[in-house]
Structure formats: C-alpha cells, structure tokens
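Q:
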Amino acid sequence: DGGITQSPKYLFRKEGQNVTLSCEQNLNHDAMYWYRQDPGQGLRLIYYSQIVNDFQKGDIAEGYSVSREKKESFPLTVTSAQKNPTAFYLCASSIDPIGLTVGYNEQFFGPGTRLTVL
Amino acid sequence: QQPVQSPQAVILREGEDAVINCSSSKALYSVHWYRQKHGEAPVFLMILLKGGEQKGHDKISASFNEKKQQSSLYLTASQLSYSGTYFCGTERVHHYGGSQGNLIFGKGTKLSVKP
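Residue numbers (this note's numbering), protein chains in the order written: chain A, 12 to 129; chain B, -1 to 113.
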C-alpha cells in the first residue's frame, strides 16, 4: 500500500538534545512538507521541498533543519535551538509542488509524531 | 499571515447545516479544505481555484470569492461522521504574480455533530 509513514509515533527527549523525526513516502511524490501543530494554532509550515536536494523555509523554520537526499525521504531535525519543541509534527507530500499543476497539489499527511521535551 | 477561520467551534444536531468561513488579507491563488479527526492526520476535502468557482461532493460543498479573498465550506444535513476540525489552507499569490508555492493554514474550526 502506498502512503506516508512517520516514526516514531511518540518521542521523548531531554532538553538540549537534538532529535530527528523520520518521514518516508512511497507515493512517488515530488513535494514534501513538515508542519507543526499546537492546540488552537492549526498547522504551521516548518520546511518544504519541491524537489530532491532542494528545500525552503516555512514560517517557523528557526530551530529546525531538514534534508532531501532522496525523493522518498524528508527527515526533520529538531535542534536544541528550538525554544519550545514540544508539539505534534506532521509530514505531508503532494504529487506536484503547490502552484505547479492544477489538480495535483492535494497533500497527503502521515500519522504524525508527538514530541515531548522533558 | 494565517487566514482567519470562523466560527472557532460549532455544535450541530444530526441533519442540521453549517457554514465555515476562511478569510485572508492576501491575494489568493487557491484555497484547500481539510478535515482532521481527533488523533488522526488531516484528510483532503477539496481545492478551489481563483476564478470564483464552487465545488462539492456528497453534501459538502465550498465556494471561493476571489475578490474578497474568502472561501466558505458548506456542510448540509450533517452526519455524525462530519465531526472533526476543519482547516482551510491558502495558497497565496507571489509578488511576481505566480504562486507562493506553499499553503498557510488557518487555526481550524471544531465541528461537533450530536445525535
């Protein structure tokens, strides 16, 4: 079955540690996205990638880093510089990047990773 | 820069109708609508493109007023399965006229349908 997987589902880390969240898709989608979700805040864009080896900052990129070395993988690292990292993190992908091809921009979301900093 | 959604929450009885609004201060290329059930990933509902179109499937439809930068989601004869949080995602127009290349989501509208 095609889809997006995120691991782990729950993640705990100590303050001051970096942690990497995994996102893998086998949908052959070009574009991938990372969002952060806090209660009452909706989905806020952290980083997005329209093609392999390229990515752009979203609205809240400070304290995060990403890489896109393979089409199917878009890991997110939450660094110790992120002031308030406890949140629910969602990864998504779309066939084409937003703005490229009408009708192919629907975003498919993974199940999410809930990160708690202790 | 987030679009503003209203109302923040709504409670319905089965069979009642609801309207959820999404308003942006920026020029929009398109509006996406998603529904998220508690503890689950958001699920795509529909995309509306600039040009002022209207779309729908089953008893959920939406409109997009390009001039007002507003979109509305209409839920007719609501069912228990409609419960969840609805998000609009806006694709903004870039300063050169094309798409900004990403979506900015509103804070969501929590819809509860009671028997």
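By construction, the Cβ of each residue, glycine as well, lies at the ideal position given by its N, Cα and C atoms.
Return yes when the Cβ of G104 of chain B is within less than 7 Å of the Cβ of Q34 of chain B, no when it is not.
A: No, these two residues do not count as a Cβ contact at 7 Å.
Q: Just checking: is the beta-carbon of F62 of chain B within a distance shorter than 7 Å of some beta-carbon in chain A?
A: No, its Cβ sits nowhere closer than 7 Å to a Cβ of chain A.
Q: In terms of residues, what are the limits of the beta strand (DSSP E) holding D49 of chain A?
A: Start and end: A42 to D49.
Q: Beta-carbon of K48 of chain B versus every beta-carbon of chain A: anything under 7 Å?
A: With 7 Å as the cut-off, K48 of chain B does not count as an interface residue toward chain A.
Q: Please work out which residues of its chain come closer than 6 Å, Cβ to Cβ, to E26 of chain A, disregarding the five sequence neighbours upstream and downstream, and give them in chain order.
A: Closer than 6 Å at the Cβ level, and outside the excluded window around E26 of chain A, lie V128.
Q: So what does Y100 of chain A bridge to, in DSSP terms?
A: Looking at the DSSP assignment, Y100 of chain A forms a beta bridge with A:R47 and A:T124.
Q: Could you check if R79 of chain A is buried or exposed, using at least 16 other CB atoms within 10 Å of its CB as the buried criterion?
A: Flag for R79 of chain A reads buried.
Q: Where do the ends of the beta strand (DSSP E) carrying A7 of chain B lie?
A: Element bounds for A7 of chain B: A7 to R11.
Q: Under the assumption that A92 of chain A contacts L126 of chain A (Cβ atoms under 8 Å), give the Cβ distance between them as a whole number of angstroms.
A: Wrong, their Cβ atoms sit about 15 Å apart, outside the cutoff.
Q: Are V111 of chain B and S70 of chain B close, meaning C-beta to C-beta below 7 Å?
A: No, they are not a contact pair.
Q: When the Cα of P19 of chain A is compared with those of A:I106, A:C102, A:N64 and A:G51, which residue comes out closest?
A: Of the candidates A:I106, A:C102, A:N64 and A:G51, the one whose C-alpha sits nearest the C-alpha of P19 of chain A is A:C102.
Q: How about the stretch 72 to 86 of chain B and the stretch 4 to 20 of chain B: do they share at least three Cβ pairs that are nearer than 8 Å?
A: Because the criterion of three Cβ pairs below 8 Å is met, the stretch 72 to 86 of chain B and the stretch 4 to 20 of chain B touch.
Q: Starting from Q118 of chain A, find everything on chain B with Cβ-Cβ shorter than 9 Å and list it in chain order.
A: Here the neighbours are H30, Y32, P40, F42, G87 and L101.
Q: Taking S97 of chain B as the reference, give the member of B:H55, B:L47 and B:Y80 with the closest Cα.
A: For S97 of chain B, the nearest C-alpha among the options comes from B:L47.
Q: From which residue to which residue does the beta strand (DSSP E) around N116 of chain A run?
A: It is not in any beta strand (DSSP E) - N116 of chain A carries neither H nor E in the DSSP assignment.
Q: Beta-carbon within less than 7 Å of I132 of chain B's beta-carbon, same chain only, minus the 5 sequence neighbours each way: which residues are those?
A: Since the first residue of chain B shown is -1 and the last is 113, residue 132 of chain B is not available in this structure.
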